[in-house]
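Worksheet for the structure shown next.
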Amino acid sequence: MGDTSVKKVESRHSPKGDMGQKYLASGVRLSMRLWEDEPPGEPAPAAARDYETVGYVLKGRAELHLEGQVILLNPGDSWLVPRGSSHTYKVLETFSAVEATSPPAAVHGRDEGKDAAQKKPAKA
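Residues in the sequence shown are numbered consecutively from 1, following full-length UniProt numbering.
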């Protein structure tokens, strides 16, 4: 018998998190989420998360403020935020990006926990 754990998630039916992210496909050790059309604005307070994040910019521009560095994110760029690293984002132009997190951000309150004041790649 083949693998029956295969999932398809249509973005229009995806649940949304408190920070505006859409949760996409998720497995036991990895999940995806979408930040869609995040408006420009000032960054939220920096936060450290209990997961590793890699992301890919679909459109727009943002700054990733990571442990004292400022990294400009443009369409086609990808980035890594190591687990436990203090970071935030400042959106410069309406921003859309896909991120993968390990372990899954949506599980056990990792995304919406005590430091949820930090927003996503638009407010990340």
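Where is the CB? At the ideal position from N, CA and C, for every residue including glycine. Values in this document were obtained by computation on a predicted structure and should not be read as measured data.
Cross-strand partners of residue i (DSSP beta bridge)
i, result
"Glu99", "Arg33 and Gly55"
"Lys16", "Lys22"
Neighbourhood of residue i by C-beta distance below 6 Å, restricted to the same chain and skipping five residues each side
i, result
"Gly55", "Trp79, Ala97 and Glu99"
"Lys7", "Ala25"
"Thr53", "Val81, Glu99 and Thr101"
"Arg61", "Asn74, Leu92 and Glu93"
Segment limits, beta strand (DSSP E) that includes residue i
i, result
"Lys22", "Lys22 to Ser26"
With 16 other Cβ atoms within 10 Å as the buried cut-off, status of residue i
i, result
"Gln21", "buried"
"Lys90", "buried"
"Glu42", "exposed"
"Glu10", "exposed"
"Arg29", "exposed"
"Asp37", "exposed"
"Gly27", "exposed"
"Pro39", "exposed"
"Asp18", "exposed"
"Arg33", "buried"
Neighbourhood of residue i by C-beta, 8 Å cutoff - its chain only, sequence neighbours within 5 removed
i, result
"Asp77", "Tyr56 and Val57"
"Ala48", "Gly84, Ser85, Ser86, His87 and Asp115"
Beta-carbon contacts of residue i that lie in its chain and below 7 Å, excluding the five residues immediately before and after
i, result
"Leu64", "Ile71, Leu73, Trp79, His87 and Tyr89"
"Pro15", "Tyr23"
"Leu66", "Val81, Ser85 and His87"
"Thr4", "none"
Inset, instruction - Just list the beta strand (DSSP E) runs in the UniProt domain "Cupin type-2" (39-92), keeping only unbroken ones of 3 residues or longer that don't cross its boundaries, in chain order. - result: Within the UniProt domain "Cupin type-2" (39-92), the beta strand (DSSP E) runs of at least 3 residues that lie entirely inside it are, in chain order, 52-66, 69-73 and 78-81.
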